[in-house]
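Asks:
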Amino acid sequence: MRCAEKYTEVMTPTLAAALAGLGFGLSLIVAIGAQNAYVLRQGLRKEHVFVIVAICALSDALLIAVGVAGLGAIIQQLEWLLLLIELVGGVFLCTYGVMAAKRAWKPEVLNTDTGGKRVSLKVAVGTALALTYLNPHVYLDTVLLLGSVAGTYEENRWWFATGAMLGSIIWFSTLGFGARVLDPVFKKPTAWRVLDAIIALVMFALGTSLLVSFVQHLMASLGA
Numbered sequence: 444m445r446c447a448e449k450y451t452e453v454m455t456p457t458l459a460a461a462l463a464g465l466g467f468g469l470s471l472i473v474a475i476g477a478q479n480a481y482v483l484r485q486g487l488r489k490e491h492v493f494v495i496v497a498i499c500a501l502s503d504a505l506l507i508a509v510g511v512a513g514l515g516a517i518i519q520q521l522e523w524l525l526l527l528i529e530l531v532g533g534v535f536l537c538t539y540g541v542m543a544a545k546r547a548w549k550p551e552v553l554n555t556d557t558g559g560k561r562v563s564l565k566v567a568v569g570t571a572l573a574l575t576y577l578n579p580h581v582y583l584d585t586v587l588l589l590g591s592v593a594g595t596y597e598e599n600r601w602w603f604a605t606g607a608m609l610g611s612i613i614w615f616s617t618l619g620f621g622a623r624v625l626d627p628v629f630k631k632p633t634a635w636r637v638l639d640a641i642i643a644l645v646m647f648a649l650g651t652s653l654l655v656s657f658v659q660h661l662m663a664s665l666g667a
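So the mapping is simple: this note's numbering equals the position in the sequence shown, first residue as 1, plus 443.
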């Protein structure tokens, strides 16, 4: 009985962190954008799909690791920075949730035009890398924001990161290899309405969690 209780105590925080990372990572990446449109387009054309999916997923994993390793270590040492991140991050996530809710209210569709000649592997790789690393939002979202949120999970931050990495693998694999099935779905505004509604709920939940954590840490700090 004690072993079971101990197992539950150990696993619950790590599992919660991993699931939070999975949901947060998917919420950031599942949106209408050039990178997603390109992956879906290549999937529809059946051109270098594995390579493109691998580049996008591994790039995300690298950026997530950089954010978690760098910012996580700093946050561990500075209590005031943790409070600041929880406050700013909570407000930002709730704001992001509002934006997602607005997109759900007025959904768009992906432009996945498949016309044109077949592109070479070199061009496909170059395009995927450019869409990934020349996008300023990837550094704000994946490195800074995700790394900061992961840092609030302290010793479980790498479980959070693992969940986020898994989310990227699932999303890009589904988008690339399931393109033929997903294309009719993503051409309907209703699909994006549902996705953005889910994103909004996840963002609100995480944002509220950070704000509650901020209040708790602040009260503990003032009490000390």
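Don't be surprised by glycine CBs; every beta carbon is placed ideally from N, CA and C.
#1: What three-state label does DSSP hand residue 529 in the structure shown?
#2: Among residues of its own chain, excluding the 5 on either side of residue 500, which ones have a beta-carbon nearer than 6 Å to its beta-carbon?
#3: How big is the Cα-Cα spacing for residue 666 and residue 656?
#4: Rounding to the nearest angstrom, what Cα-Cα distance links residue 662 and residue 590 in this structure?
#5: When burial is assigned at 16 or more other CB atoms within 10 Å of the CB, is residue 606 buried or exposed?
#6: Compare the C-alpha of residue 533 against each of 635, 628 and 595 and name the closest.
#7: Can you look up residue 575 in the DSSP assignment and give me helix, strand or coil?
#8: With residue 582 as the anchor, note down where its alpha helix (DSSP H) starts and where it stops.
#9: What residue from 474, 618, 577 and 537 has the CA that sits closest to residue 636's CA?
#10: Is it buried or exposed, residue 586, if we count other Cβ atoms within 10 angstroms and call 16 or more buried?
#11: CA-CA distance, residue 572 and residue 498?
#12: Residue 669: which of 627, 653 and 651 sits nearest, CA to CA?
#13: Please classify residue 467: is it buried, with 16 or more other beta-carbons within 10 angstroms of its beta-carbon, or exposed?
#14: Any idea if residue 576 is buried or exposed, counting beta-carbon neighbours within 10 angstroms, 16 or more meaning buried?
#15: Please report the straight-line C-alpha distance between residue 470 and residue 462, rounded to a whole angstrom.
#16: Pick helix, strand or coil for residue 474, following the three-state DSSP scheme.
#17: So, helix, strand or coil for residue 660, using DSSP?
#18: Taking Cβ positions, are residue 619 and residue 495 nearer each other than 9 Å?
#19: Does DSSP classify residue 490 as helix, strand or coil?
#20: Residue 550 by DSSP, collapsed to three states: which one?
#21: Between the Cα of residue 506 and those of 623, 640, 578 and 527, spot the shortest distance and give me the residue it belongs to.
#22: Classify residue 650: buried if its beta carbon has 16 or more other beta carbons within 10 angstroms, exposed otherwise.
Replies: Let me lay it out:
#1: Helix.
#2: Result list for residue 500: 611, 612 and 615, in chain order.
#3: Taken atom to atom, the span from the alpha-carbon of residue 666 to that of residue 656 is near 15 Å.
#4: Computed Cα separation, rounded: 24 Å.
#5: Per the 10 Å Cβ criterion, buried.
#6: Nearest option by C-alpha distance: 595.
#7: Note: residue 575 maps to helix in three-state DSSP.
#8: Here residue 582 belongs to no alpha helix (DSSP H), and DSSP marks it neither H nor E.
#9: Comparing C-alpha distances from residue 636 to each of 474, 618, 577 and 537 shows the shortest one belongs to 474.
#10: Buried, because 16 or more other Cβ atoms sit within 10 Å of the Cβ of residue 586.
#11: In this structure, the CA atom of residue 572 is about 7 Å from the CA atom of residue 498.
#12: Outside the shown range of the chain, which is 444 to 667, sits residue 669, and nothing can be said about it.
#13: Label assigned to residue 467: buried.
#14: Result: exposed.
#15: Those two C-alpha atoms are separated by around 12 Å.
#16: Reduced to three states, the DSSP call for residue 474 is coil.
#17: DSSP places residue 660 in helix when its eight states are reduced to three.
#18: Yes. Within cutoff.
#19: It is coil, neither helix nor strand.
#20: In the structure shown, the three-state DSSP call for residue 550 is coil.
#21: When only C-alpha atoms are compared, the closest one is 578.
#22: Answer is buried; the Cβ neighbour count reaches 16.
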